[in-house]
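In my numbering, the protein residues as written are 1 to 69.
Structure below.
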């Protein structure tokens with residue numbers, strides 16, 4: 001499916017990072033710096049952070065071509 005195992009591993013680690021670490025970091029950032037506005041800012045920032053997996057998935061589809069027979 002990917003060009004090689006290393007390529008697939010890099011893509012999957014990047015997607016896992018985007019899915020797990022970025023929203024958590026955004027939530028912690030909102031809690032530390034926007035404590036009085038956490039109910040407003042946090043869902044907004046999590047929505048924006050939710051776009052990172054979509055962007056990385058599009059990057060994977062466009063730039064990392066699968067095998068062509």
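Backbone N, C-alpha and C define an ideal beta-carbon position, used for all residues, glycine too.
For the set 9, 10, 21, the Cα lying nearest the Cα of residue 52 is the one of 21.
Counting only the Cα atoms, residue 56 lies some 22 Å from residue 29. Collapsing the DSSP output to three states places residue 4 in coil. Around the beta carbon of residue 26, a 10 Å sphere encloses 16 or more other beta carbons of the protein chains shown; the residue is thus reported as buried. Cα atoms of residue 43 and residue 4: separation of roughly 38 Å, rounded to the nearest angstrom.
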